[in-house]
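Residue numbers (this note's numbering): 137 to 232.
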């Protein structure tokens with residue numbers, strides 16, 4: 137929790153990771169830009185999302201990850217470890 141900025145919910149379905157956030161109550165950047173790094177280690181290699189993102193809403197959806205349910209995830213928010221481990225993976229009932 138860097139100054140109160142943390143992930144409050146993580147959801148992984150098909151190739152998409154969705155995160156919900158709690159924004160800091162003090163020292164929040166005026167431009168609402170936050171550094172987010174997501175690393176997914178999976179059977180086929182490694183997928184990385186590493187960007188500074190403007191968060192106007194408390195959710196972020198990132199696509200094009202591997203659908204491998206055995207993946208190990210590392211999520212850093214503002215260069216602070218927010219999550220490390222496996223996520224429960226759900227397959228879409230519509231798209232299989």
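Glycine included, every Cβ here is placed at the ideal spot set by N, Cα and C.
- For the set 157, 197 and 151, the Cα lying nearest the Cα of residue 144 is the one of 157.
- A contact between stretches requires three or more CB pairs, one per stretch, nearer than 8 Å, and the segment 161–174 meets this requirement with the segment 209–225.
- Following the DSSP letters along the chain, one finds residue 178 inside the beta strand (DSSP E) bounded by residues 169–178.
- Residue 181: member of the beta strand (DSSP E) spanning 181–190, first to last residue.
- When the beta-carbon positions are compared, residue 206 and residue 179 come within less than 8 Å of each other.
- Linking residue 198 to residue 176 through their CA atoms gives a straight-line distance of about 12 Å.
- The beta carbon of residue 190 lies closer than 6 Å to those of 168 and 169 in the same chain, with the five residues before and after it left out.
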